[in-house]
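One structure below.
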Amino acid sequence: MWRNLAYGSQQAAEAAPAVVPIKSVKETVVSQVDASSVPKNDGAKVYKILEFLRKVPMHMPVSVTDIFKHTGVDLTMDDQVEQRLKNNPKVRLKGDQYAYQAKYDIKNRMQLLKILDRIPEGMPIEDLIDCYVNVEDDLKELTRTGEIICLKNADKGAEVYYSRVVPFLVDLSGVATVEAGSYLAHSSQDLTGEVRRGDAFRIGDNWFRVSAAVKSSSTTRPAPFAGMATKSVSSTRDPNVSKKIKYMFKFDKDHLPLDVPFPDAKRRNVASSDRWDLLPKRGPKFQMVKHGMTLR
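Here the sequence shown stands for residues 1 to 296, where the numbers follow the UniProt record's numbering.
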């Protein structure tokens, strides 16, 4: 028996299982994009791919297959577009994968604040807009609360963002009575001489702007910054100089209007379905502060 195995007899060969060669099967990739929406010219194709790469979380590199799935552009069949993409300064190559190359390597809100701290001359919106997916929302919210400063360039009219560096906060008179879901707070003292519509102020731990939302026939609730002509956290004069503007919410010795509803216990700015525009009669009371001057 051992001789048969050692020398490979005919019987042993016949008993051995046959090895069937495996054919390589190429995976069929189907684009998620309607063919009619795929651009015809090369420049538009490159732009479509760049828009996809810009929205990839953390600007991670993606494959040619991923690009085809999400844009409908097949780089394996379009050498000219592939070459233009590789030569584009907004594209970073990692092996055979492509990634978006923003001007600054900023991935989140914390990194955004840190780089603004390092650049005292400010950063224009065009340098920040493509850093990460929700950067516009973060810039808007940080400006709304006054954590950063937003000014318009006198020549170009473009927004430029600055670090606030050392904030200086000033106490407001009285206390505010609030209710979760409401756009109104009750002030125990008249604040119309201390803050104006559009100014930023803090109730407890939450920042707001004095609402400048204009009254309309729509029942839609106002958005943050609604009706505000400037993003400055404080003003030196009443922006409603004509006195003809009709605001959505009262601002007087009792009413302190908020640009977003007071958050609930989970810090969600969700407006109450029935009390979002009513003045709280009772509820928790908080001290208030506003921005004074900034030490740069």
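The beta carbon of each residue, even a glycine, is placed where N, CA and C say it ideally should be.
Q: Output the distance between the C-alpha atoms of P257 and V62, rounded to the nearest integer angstrom.
A: Rounded to whole angstroms, P257 and V62 show a C-alpha spacing of 47 Å.
**Q.** Status (buried if at least 16 other CB within 10 Å, exposed otherwise) for A176
**A.** Taking a 10 Å sphere around the C-beta of A176, we find 16 or more other C-beta atoms and assign the residue as buried.
(Q) Rounding to the nearest angstrom, what Cα-Cα distance links D277 and V270 in this structure? (A) For D277 and V270, the distance between alpha carbons rounds to 13 Å.
Q | Length at least 4, wholly inside the segment 190-229: the alpha helix (DSSP H) runs in chain order | A | Along the segment 190-229, the alpha helix (DSSP H) does not occur as any fully enclosed run of 4 or more residues.
(Q) Cutting at 6 Å between CB atoms, please list the residues of its own chain near D117, excluding the five before and the five after it. (A) Here the set comprises S163.
Q.
Helix, strand or coil for K45? Go by DSSP, reduced to three states.
A. DSSP places K45 within a helical segment (H, G or I) once states are collapsed to three.
Q: Round the Cβ separation of I203 and V165 to the nearest angstrom and send it over; I've been treating them as touching at under 8 Å.
A: Actually they are not in contact, since the Cβ atoms of I203 and V165 sit about 24 Å apart, beyond 8 Å.
Q) So is V214 buried or exposed if we call it buried at 16+ other beta carbons inside 10 Å? A) Under the 10 Å beta carbon count, V214 is surrounded by fewer than 16 other beta carbons and is classified as exposed.
(Q) Less than 9 Å between the beta carbons of K103 and D138, yes or no? (A) In this structure, D138 does not lie closer than 9 Å to K103 by Cβ.
Q | Spatial neighbours of R92 in its chain, beta-carbon cut-off 6 Å, leaving aside the 5 residues before and after | A | Closer than 6 Å at Cβ, skipping near neighbours: A99, Q101.
(Q) I need the DSSP call for A102, collapsed to helix, strand or coil. (A) Looking at A102 - three-state DSSP - the assignment turns out to be coil, as it is neither helix nor strand.
Q.
From the DSSP secondary-structure annotation, give me the bridge partner or partners of Y161.
A. Beta bridge pairing from DSSP links Y161 with M123, C150.
Q | Closest by C-alpha distance to E154, when choosing among I148, P124, G146 | A | First, the amino acid is wrong: residue 154 is Ala here, not Glu. When C-alpha distances from A154 are compared across I148, P124, G146, the shortest belongs to P124.
**Q.** Where V81 sits in the DSSP three-state scheme
**A.** V81: helix per DSSP, three-state reduction.
Q.
Do S232 and G193 count as a contact pair if the criterion is CB distance below 9 Å?
A. Taking a C-beta distance under 9 Å as the contact criterion, G193 and S232 do not qualify as a contact pair.
Q) Which of helix, strand or coil does DSSP assign to P284? A) Coil.
Q: Sort out for me which residues DSSP pairs H59 with in a bridge.
A: Looking at the DSSP output, H59 bridges to nothing.
Q) What is the residue span of the alpha helix (DSSP H) that K94 lies within? A) Where K94 is concerned, there is no enclosing alpha helix (DSSP H), although the beta strand (DSSP E) around it starts and stops at 91-94.
Q) Beta carbon of V135, beta carbon of I106: below 9 Å? A) Contact annotation: V135 and I106 have beta-carbon atoms nearer than 9 Å.
Q | Secondary structure of K290, DSSP reduced to three states | A | In this structure, K290 counts as strand in the three-state DSSP scheme.
Q.
For a test of the three-state rule: what should DSSP assign to D74, helix, strand or coil?
A. Coil at D74, not helix or strand.
Q.
What would DSSP say about D34, mapped onto helix, strand or coil?
A. DSSP places D34 in the coil class of the three-state scheme, outside both helix and strand.
Q: State the start and end residues of the unbroken alpha helix (DSSP H) segment that holds L142.
A: Segment 135-145, the alpha helix (DSSP H) holding L142.
Q) When you compare only the Cα positions, how much space is there between D274 and F208? A) Counting only the Cα atoms, F208 lies some 21 Å from D274.
**Q.** Short Cβ contact (9 Å threshold) for L151 with K250
**A.** No, they are not a contact pair.
Q. L75 and V64: beta carbons closer than 9 Å?
A. Contact flag set, yes.
Q: Could you have a look at residue 297 and say whether DSSP puts it in helix, strand or coil?
A: The structure shown does not extend to residue 297, since the chain spans only 1 to 296, so no value can be given for it.
Q) How would you label E159, buried or exposed, when you count the other beta carbons within 10 angstroms and need 16 or more for buried? A) E159 comes out buried.
Q. Which partner residues does S234 have in the DSSP bridge list?
A. Partner(s): none; S234 has no beta bridge.
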